[in-house]
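In what follows, a single structure is set out as structure tokens and then discussed.
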């Protein structure tokens, strides 16, 4: 058992003003809502309780989550359900691709649950989804936010072979807190995953959440580790506790502190740093298609 910091329910409710977001409204939001429901799609926007869902859906974009909505891992930060996943839906790549076409998405982000129950880690569906989107929407660029495939690198290679424009894998937290926050993951395995992505010549991206109790030194160490394995784009955002059973928020990190980390990240050498309380991995993802030269 891992002891987690204790925080009162009253304290949890006192979110600072800078974390307030608008309710989802508008024609484009309703259009995306209808497509998601009609095609029985899973989005991390919903499953992950993303605070930017209203803004992104209102702009006609969404981050699709493939391979079901039940994860084989039980990270203490994540709102996605944990358990025994359903059988793989082999038609899912076609349904996602059709929705991308109907939505006229210019830059599409795909993520997934961890499927440690599958020999290929879900990588075949990953590759087929990228191929299907390219068939249906050849002008759409792609970002794939992938798992670590439990270190079975032949499965990672299957995704890298289809050459998404951006390949992302989140470190999520600092080295010192990884065992608390990502119980079945390994800090160095994630770094190795990112190193292999970068060495394949692909635009490489990762993200860290703040507010678990990390120090400034912890964050700078993690940022430096990410840069040293070849990560080009870094995202930093505030962790928000999904339920009382998840890891508590230890600190509400101020916008000024996020700005400081952004400046440090750029000084370290990252090409792009998205840093702010409401930043999530796929927030403003279209901006991360930069010229690597």
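In the UniProt record's numbering, the protein residues as written are 1 to 293.
Here a beta-carbon is modelled for each residue, glycine too, at the ideal position from N, C-alpha and C.
query: Euclidean distance between Cα positions of residue 18 and residue 111; result: 27 Å
query: Residues bridged to residue 81 (per DSSP); result: 70
query: Three-state secondary structure (DSSP) of residue 270; result: coil
query: Test item: CB-CB of residue 127 and residue 159 under 9 Å; result: yes
query: Proximal residues to residue 145 (C-beta, below 6 Å), its chain only, five neighbours per side dropped; result: 111, 168, 281
query: Close-in-space but distant-in-sequence residues of the same chain around residue 120 (CB under 6 Å, 5 per side omitted); result: 155
query: Cβ-based burial, residue 170 [other Cβ within 10 Å; buried from 16]; result: buried
query: Nearest residue (CA-CA) to residue 205, options 151, 142, 244; result: 142
query: For residue 190, the three-state DSSP class (helix, strand or coil); result: helix
query: Boundaries (first-last residue) of the beta strand (DSSP E) holding residue 143; result: 141-145
query: Best match in 138, 195, 90, 174 for proximity to residue 209 [C-alpha to C-alpha]; result: 174
query: Distance between residue 179 and residue 257 (C-alpha atoms, nearest Å); result: 25 Å
query: Assigned secondary structure, residue 125 (DSSP; H/G/I helix, E/B strand, else coil); result: helix
query: Extent of the continuous beta strand (DSSP E) run through residue 231; result: Looking at the DSSP string, residue 231 is not in any beta strand (DSSP E), and its letter there is neither H nor E.
query: Among 216, 211, 247, 223, nearest to residue 187 - alpha-carbon criterion; result: 223
query: Beta-carbon spacing of residue 75, residue 176 below 9 Å; result: no
query: Span of the alpha helix (DSSP H) around residue 160; result: 153-160
query: Residue 238 - partner residues in DSSP beta bridges; result: 210
query: Residue 236 classed as buried or exposed, judged by whether at least 16 other C-beta atoms fall within 10 angstroms; result: buried
query: Residue 304, enclosing alpha helix (DSSP H) - first and last residue; result: Residue 304 is absent from the model: the chain starts at 1 and stops at 293.
query: Simplified DSSP state of residue 48, which is helix, strand or coil; result: Because the pLDDT at residue 48 is just 48, under 50, the model does not fix this residue reliably, and the value given afterwards should be weighed accordingly. Three-state result, residue 48: coil.
query: Environment of residue 81 [buried if 16+ CB atoms lie within 10 Å]; result: exposed
query: Cβ-based neighbour list, residue 16, same chain, cut-off 6 Å, excluding 5 preceding and 5 following; result: 252
query: Proximal residues to residue 3 (C-beta, below 8 Å), its chain only, five neighbours per side dropped; result: The pLDDT assigned to residue 3 is 36, lower than 50, so where the model puts this residue is not dependable; a value taken from the coordinates is nonetheless given after this. So no residue of the chain qualifies.
query: Reference residue 303; option with closest CA among 116, 270, 165; result: Lying outside 1 to 293, the shown extent of the chain, residue 303 is not represented and no answer is given.
query: Residue range of the unbroken beta strand (DSSP E) whose run includes residue 111; result: 107-112
query: Under the three-state DSSP convention, the category residue 167 falls into; result: strand
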